[in-house]
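Numbering that gives the first Met the number 0 puts the first residue of the sequence shown at 0, with every later residue one more than the last. The next block holds one structure in the form of structure tokens; read it before the comments.
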Amino acid sequence: MFWQRPVVNYHRHTYNAGSQNWMVDQLANGWMYFANNKGLLEYDGVYWNLYPMPHTAKLRSLKIGTDNRIYVGALKDFGYFTPNQKGMLDYHSLSAKLDPSTVSNIWNIHLLHHKVYFQGDRYMFCYDKGKLSSIDCNGISSSGVVNGKIYFSNFLGLSYIQGNRAISIRNSEFLNQCNVVAYLPYQGRLMIVTQEKGIYFYDGKQFNKTLSFLDTYLNKHHLSCASIHQGILAIGTSDEGLLVVDLATQQVEKIDIENGLQNKSILSMKFDQSHNLWLGLDNGIDYVSLNTRLFFLNSKLTSIGAGYCAQYFGGKLYLGTNQGVFSTTIPSTVNTPIYLNEVTGLTGLANCIYPHDSKLFIGGRKFFAMTDGKQMKKYDKRGVWHVQAIKQDADLMLVGTYWGLEVMRKKGDDWNFSNSIDGLNISAKTMFVEPESSNVWVANKSDGLWRVSLNTQFTKVLHKKCYNNAQLPKGDNVYVTRIDNHIVIASHKGLFRYNANKDNIQRDSHLEQMLDGHCTYSYLKQEGNSRLWYVANGILKCLDYKNGKKTSYWGDSMIEDFEDISPLNTHQSIIGTEDGFALIDFSKKQQAQLPVHLFIRKLYLTNGKDSVAFAKSFDQEQEPLVFRYHDNSIRIEYGCDNYDHTKAITYAYRLEGLDKDWSEFTPATSKEYTDLPEGSYTFRVKIQSDQESKDIETCITFKILPPWYRSWWAYSIYILLIVYGIYYTYHRFKRGRERLIRMKDEEMNRQKTVFEKDIDKKKKLITELEEEKLRNELNYKSDELVKTTLNVVRKNEILQKIRKDAESLSRTISEGNLVNVRRGMLRLINQIDTNIEHDSDLDNFQSSFDAVHNDFLKKLGDTYPQLTHKDKMLCAYIKMNLMSKEIAPLLNISVRGVEISRYRLRKKLGLDEKDNLAEFLQKI
0 MFWQRPVVNY
10 HRHTYNAGSQ
20 NWMVDQLANG
30 WMYFANNKGL
40 LEYDGVYWNL
50 YPMPHTAKLR
60 SLKIGTDNRI
70 YVGALKDFGY
80 FTPNQKGMLD
90 YHSLSAKLDP
100 STVSNIWNIH
110 LLHHKVYFQG
120 DRYMFCYDKG
130 KLSSIDCNGI
140 SSSGVVNGKI
150 YFSNFLGLSY
160 IQGNRAISIR
170 NSEFLNQCNV
180 VAYLPYQGRL
190 MIVTQEKGIY
200 FYDGKQFNKT
210 LSFLDTYLNK
220 HHLSCASIHQ
230 GILAIGTSDE
240 GLLVVDLATQ
250 QVEKIDIENG
260 LQNKSILSMK
270 FDQSHNLWLG
280 LDNGIDYVSL
290 NTRLFFLNSK
300 LTSIGAGYCA
310 QYFGGKLYLG
320 TNQGVFSTTI
330 PSTVNTPIYL
340 NEVTGLTGLA
350 NCIYPHDSKL
360 FIGGRKFFAM
370 TDGKQMKKYD
380 KRGVWHVQAI
390 KQDADLMLVG
400 TYWGLEVMRK
410 KGDDWNFSNS
420 IDGLNISAKT
430 MFVEPESSNV
440 WVANKSDGLW
450 RVSLNTQFTK
460 VLHKKCYNNA
470 QLPKGDNVYV
480 TRIDNHIVIA
490 SHKGLFRYNA
500 NKDNIQRDSH
510 LEQMLDGHCT
520 YSYLKQEGNS
530 RLWYVANGIL
540 KCLDYKNGKK
550 TSYWGDSMIE
560 DFEDISPLNT
570 HQSIIGTEDG
580 FALIDFSKKQ
590 QAQLPVHLFI
600 RKLYLTNGKD
610 SVAFAKSFDQ
620 EQEPLVFRYH
630 DNSIRIEYGC
640 DNYDHTKAIT
650 YAYRLEGLDK
660 DWSEFTPATS
670 KEYTDLPEGS
680 YTFRVKIQSD
690 QESKDIETCI
700 TFKILPPWYR
710 SWWAYSIYIL
720 LIVYGIYYTY
730 HRFKRGRERL
740 IRMKDEEMNR
750 QKTVFEKDID
760 KKKKLITELE
770 EEKLRNELNY
780 KSDELVKTTL
790 NVVRKNEILQ
800 KIRKDAESLS
810 RTISEGNLVN
820 VRRGMLRLIN
830 QIDTNIEHDS
840 DLDNFQSSFD
850 AVHNDFLKKL
860 GDTYPQLTHK
870 DKMLCAYIKM
880 NLMSKEIAPL
890 LNISVRGVEI
900 SRYRLRKKLG
910 LDEKDNLAEF
920 LQKI
């Protein structure tokens, strides 16, 4: 068994590359690079990346330049890697233009005076300001840069490069029989580490060997590489692992497969910025923490199980595990073999180891025993959680068991169980005895937290009270302890303090503020006035009272709800872990470490097959990240260059634009978001660092475009469509309205036409009726006129006949006697004549004629006033198309008289001979 340094093993299946790693280097940002058989291997503390060489050439060397290039050498090829726009590395060959016969394996690369030197098997190639030249060294077996010079060895011995020439060093011929594995600076001299003959020093004049104390180690092993850092010499071997030499104290520490390494053949090594050591192995990569105060009891050959309790007693260190109890010695140096003795009869889970009265009491699941360091006494008890003394009575102890409390009493020099505490059947997973009283705190997950008051004889319970409440519910284990004379309860709900005056528990905000705030606490222990140990969110931390500094150690390595820290002395403490035990030694000097570098490594688009949208690399400006709406599900990977796994790193994140608050601090190094709405986002991540007073934070900004149907051009189209729709709707409405109006107009016009037609029809009908009426009236008047005319004609004919008869009669009567008769007859004849001319029928005739012929007689009289009544009557008869023989009786004249009257009438009307009298009268 060994108390060994923390060693992290990276198997080739972990980094998914070749087994052999020929060279190691570190970037300024803390990232590590390895010349691997499969290419350039990159590690940022969380994620590995491999960049293969063209034609799958095996890398043999690498060097990180000051110009943000990673120079590499392989079989028949050398060049450099630079990051591309996506954060991945691209290879650029420098040897492509050289004669292939001059380029073989490139075993080393050096930087000197802004030039890059590539060491081949024969030539040293110099790359300066874009130009490549070669120096023929007549063979090179190894090389290195020390104090501004490039040294190399070959069959002639030791030489160095000056300008473009190789200069041999006198008296170095003995080195031609040695395989030089490293050239190192030490106290202004050149340290030459050889494979078989140890270490030589060259001061510019002569060679000598001064580290004779190492000869015993070096002569046994084949050295393969070496490195030196601040007086610490690390030597890698090909058969026995690693030697770490403190040149000031001449202390030698051996680390091999028994105490940490996964492979004993070391090909390369590198001290990093945190003063720790990286090893490139023949099969894998190892990280050795040299700048640490933490050491682990571990062995790959023997496992002692998980560590539950520890106690230094009687010059021995007792260790309780889940496999039993072991004893050993306190280590004086690390990585030296120690012997672990199993305590006979104490097998199985050990819960407590408690010193009291020069005795050591050991309790477990299946046993309970007492020892004075020489003899062991076993009790017929099992299921013991805790043992604690009672200050009021030095001869009493309380034992917390799986079933309650029991009392041990001292009689003489012996201790035995005396009684059980009546009235309490609660499993004492947690037990704490108040030093000033007979009160005991007992707790477990199911029963909760209880304060029990015992009688002065410690035989029974006088009073008990459960202190669980809404702030501190049952269901989780708690830890009860004493901090600065106050009873403090550590729980998953935070820290609480017992208030004796109010007999209740209250949140201890002051202590929470001193520690990690309101979070989950599972362990709390004050170590005198020097430090306070606590476990918050599963991470072990220590608050140094002297400087107020908090130091975080590892997480997820201690046994949850069974954490235990046992001080050995003022500067050393033993910590139980899942794999055994850890020793922290505050007396060890620890060099100040650089702050870790926090970074956002990659951003993946996760809709469908994952694709890298962004990858962080060195010397890279972040371009604006804009994603389509289809790519609105992403995964962001982040981390920091924390290679020391004993330092717990937790992350909190927040996506501005979505999250309102920061997340809880967790070890997770990735976060996924799905179905993000469109918008601009800034993803922020931060870590809590022991080196910095403030949290370290970084961020990445990206934008998710809206879907095409919510893009600006889509909205433009929508606006155009809306405008067009409004325009179209307006014009359609307008056209529809116009069509409706037109239809209404047409309908109205149609109805008007129908109406007018109807009106016309009715008018026509009325007209026809009126015309018919007029015709009837006209016919009637014409009939009347005809009748009148006929009556007048008959009357006149009758009267003429009467007149003729009267005339005949008067002629027959004698004149003598009939004078009076004759007179009478004459008067009768005169009256008949008068009637013939002035009969009322003529007046009726004129009225009827004017009514039928539109006031013809009136118009005729107005136009021709010279016409006589007889003329007018003639005109009327002519207009009635009567013949002369028909007119003659009406006018009481002869036919000849009618013709004469017609002639005279034409004269009065001013007609010519060619004018037709009847047509003329028809026009009036």
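Quick reminder that beta carbons are idealized off the backbone N, C-alpha and C, glycines included. For clarity, every value in this text was computed on a predicted model and none was experimentally measured.
Grab me the residues of L448's own chain with a C-beta within less than 6 angstroms of its C-beta, minus the 5 sequence neighbours each way, in chain order.
Taking the first residue of the sequence shown as 1, we reach residue 448 at position 449. The residues are A442, Y466, N467, V477.
Tell me which residue opens and which closes the alpha helix (DSSP H) that V595 is part of.
Here the question's residue 595 lines up with position 596 in the sequence shown. Element bounds for V595: n/a, residue is neither H nor E.
Distance, Cα to Cα, L904 vs Q921?
Residue numbering aside, residue 904 sits at position 905 when the sequence shown is read from its first letter. Residue numbering aside, residue 921 sits at position 922 when the sequence shown is read from its first letter. Between L904 and Q921, the C-alpha separation is close to 15 angstroms.
Check P354 in the structure and name its three-state DSSP category.
What you label residue 354 is simply residue 355 of the sequence shown in a count that begins at 1. DSSP places P354 in strand when its eight states are reduced to three.
Return helix, strand or coil for L242, following the three-state DSSP convention.
Indexing the sequence shown from 1 puts residue 242 at position 243. If DSSP states are grouped into helix, strand and coil, L242 belongs with the strands.
Can you check whether the CB of G306 is closer than 9 angstroms to the CB of D578?
Taking the first residue of the sequence shown as 1, we reach residue 578 at position 579. Taking the first residue of the sequence shown as 1, we reach residue 306 at position 307. Taking 9 angstroms as the Cβ cut-off, D578 and G306 qualify as a contacting pair.
For the beta strand (DSSP E) holding Y185, just list the boundary residues, first then last.
Position 186 of the sequence shown, counted from the start, is the residue given in the question as residue 185. From DSSP, the beta strand (DSSP E) with Y185 extends over 179 to 185.
Can you name, in chain order, every residue of its own chain whose Cβ lies under 6 angstroms from the Cβ of R68, other than the five neighbours on each side?
The residue given as residue 68 occupies position 69 in the sequence shown. Excluding the 5 residues flanking it on each side, R68 has same chain C-beta neighbours closer than 6 angstroms at Y79, T81, in chain order.
Under a Cβ-count criterion, where at least 16 other Cβ atoms within 10 Å of its own Cβ denotes burial, should M396 be classed as buried or exposed?
By 1-based counting over the sequence shown, the position of residue 396 is 397. M396 is buried by the Cβ-count criterion.
In its own chain, which residues sit with a C-beta less than 7 angstroms from the C-beta of F561, not counting the 5 before and 5 after it?
As a working note, residue 561 is residue 562 in the sequence shown. The beta carbon of F561 sits closer than 7 angstroms to those of Y307, all from its chain and outside the five residues before and after it, given in chain order.
For F206, I'd like the list of residues in its chain whose CB is within less than 6 angstroms of its CB, leaving aside the five on either flank, ordered along the chain.
For the purposes of this step, residue 206 is taken as the residue at position 207 of the sequence shown. Excluding positions up to five away in sequence, the list reads Y199.
Taking K85 as the reference, give the member of R749, F617, R822 with the closest Cα.
Start at 1 with the first residue of the sequence shown, and residue 85 comes out as number 86. Ranking R749, F617, R822 by Cα distance to K85 puts F617 first.
Is it buried or exposed, W553, if we count other Cβ atoms within 10 angstroms and call 16 or more buried?
Mapped onto the sequence shown, residue 553 falls at position 554. The residue in question, W553, is buried, as its Cβ has 16 or more Cβ neighbours within 10 Å.
Three Cβ pairs or more, each shorter than 8 angstroms: is that satisfied between the stretch 493 to 506 and the stretch 640 to 651?
With the cut-off at 8 angstroms, the stretch 493 to 506 and the stretch 640 to 651 do not touch.
Round the Cβ separation of F151 and I139 to the nearest angstrom and send it over; I've been treating them as touching at under 8 angstroms.
As a first step, residue 151 must be located in the sequence shown, where it is residue number 152. As a first step, residue 139 must be located in the sequence shown, where it is residue number 140. Contact check for F151 and I139: beta-carbon distance about 5 angstroms, within the 8 angstroms limit, so the pair qualifies.
So R901 is in the alpha helix (DSSP H); what residue range does that whole segment cover?
Position 902 of the sequence shown holds residue 901. For R901, the uninterrupted alpha helix (DSSP H) segment begins and ends at 894 to 908.
Could you work out which residue in K373, D475, V432 is closest to I486 when comparing CA atoms only?
Along the sequence shown, read from residue 1 onward, the residue named residue 486 stands at position 487. Of the candidates K373, D475, V432, V432 places its Cα closest to the Cα of I486.
Cβ distance (whole Å) where H570 is taken to contact D584 below 8 angstroms:
In the sequence shown, counting from the first residue as 1, residue 570 sits at position 571. In the sequence shown, counting from the first residue as 1, residue 584 sits at position 585. With 8 angstroms as the limit, H570 and D584 qualify as a contact, their Cβ atoms being about 6 angstroms apart.
Sort F212, G279, D413 by Cα distance to S237 and report the nearest one.
The sequence position of residue 237 within the sequence shown is 238, counting from 1. In terms of CA proximity to S237, G279 leads the group F212, G279, D413.
Count the other CB atoms within 10 Å of the CB of P330; is the residue buried (16 or more) or exposed (fewer)?
Your numbering for residue 330 matches position 331 in the sequence shown. P330 is buried by the Cβ-count criterion.
Considering only the alpha carbon of each residue, which of G313, R731, V625 lies closest to T681?
Here residue 681 refers to the residue found at position 682 when the sequence shown is read from its first residue. For the residues G313, R731, V625, the minimum Cα distance to T681 belongs to V625.
Taking the alpha carbon of L510 as the point to measure from, which residue in D43, H868, G547 has its own alpha carbon closest?
For the purposes of this step, residue 510 is identified with residue 511 of the sequence shown, where counting begins at 1. Checked all of D43, H868, G547; the closest Cα to L510 is G547.
Which of the three DSSP states, helix, strand or coil, is assigned to K702?
Within the sequence shown, residue 702 is the residue found at index 703, counting from 1. The answer is strand: DSSP assigns K702 an E or B state.
According to the neighbour-count rule (16 or more other Cβ atoms, all chains shown, within 10 Å of its Cβ), is M882 buried or exposed?
Translated into the one-based positions of the sequence shown, residue 882 becomes position 883. Exposed, since its Cβ has fewer than 16 Cβ neighbours within 10 Å.
Measuring only the C-alpha atoms, how far is P566 from Y311?
On the sequence shown, position 567 is the one that residue 566 refers to. On the sequence shown, position 312 is the one that residue 311 refers to. Rounded to whole angstroms, P566 and Y311 show a C-alpha spacing of 8 angstroms.
What is the rounded straight-line gap between the Cα of L289 and the Cα of K410?
For this step, residue 289 is matched to residue 290 along the sequence shown. For this step, residue 410 is matched to residue 411 along the sequence shown. Each residue's Cα considered, the two are about 51 angstroms apart.
So, with DSSP's three-state summary, where would you put R4?
Taking the sequence shown and counting its residues from 1, the one referred to as residue 4 is at position 5. The three-state reading of DSSP puts R4 in coil, since its state is none of H, G, I, E or B.
Taking Q161 as part of the beta strand (DSSP E), name the residues at either end of that continuous run.
Here residue 161 refers to the residue found at position 162 of the sequence shown. 156 to 161 is the span of the beta strand (DSSP E), which, as asked, contains Q161.
Since S883 is in the alpha helix (DSSP H), which residue starts that stretch and which ends it?
Looking up residue 883 in the sequence shown gives position 884. The continuous alpha helix (DSSP H) containing S883 extends over residues 883 to 890.
Return the Cβ separation of S267 and N8 in integer angstroms, given the expectation that the two are a contact with Cβ distance under 8 angstroms.
Here residue 267 is taken as the residue at index 268 of the sequence shown, counted from 1. Here residue 8 is taken as the residue at index 9 of the sequence shown, counted from 1. The beta-carbon separation of S267 and N8, rounded to 16 angstroms, does not stay under the 8 angstroms limit for a contact.
Between the alpha carbons of R11 and G17, how many angstroms are there, rounded?
Mapped onto the sequence shown, residue 11 falls at position 12. Mapped onto the sequence shown, residue 17 falls at position 18. Distance between the alpha carbons of R11 and G17 is about 6 angstroms.
What does K269 pair with, by DSSP beta-bridge criteria?
Working through the sequence shown from its first residue, we reach residue 269 at position 270. In DSSP, K269 forms a bridge with W277.
K315 to A368 span [Cα, whole Å]
By one-based count along the sequence shown, residue 315 stands at place 316. By one-based count along the sequence shown, residue 368 stands at place 369. The alpha-carbon atoms of K315 and A368 are separated by roughly 17 angstroms.
Is it buried or exposed for L753, if we count other Cβ within 10 angstroms and need 16 for buried?
Translated into the one-based positions of the sequence shown, residue 753 becomes position 754. Per the sequence shown, residue 753 should be read as Val rather than Leu. With fewer than 16 Cβ atoms within 10 Å of its Cβ, V753 is classed as exposed.
Length of the line joining the Cα atoms of T480 and W440
Counted from its first residue, the sequence shown places residue 480 at position 481. Counted from its first residue, the sequence shown places residue 440 at position 441. Their backbone Cα atoms lie some 9 angstroms apart in a straight line.
Strictly by DSSP, which residues pair up with F77?
Taking the first residue of the sequence shown as 1, we reach residue 77 at position 78. Paired residues: G72.
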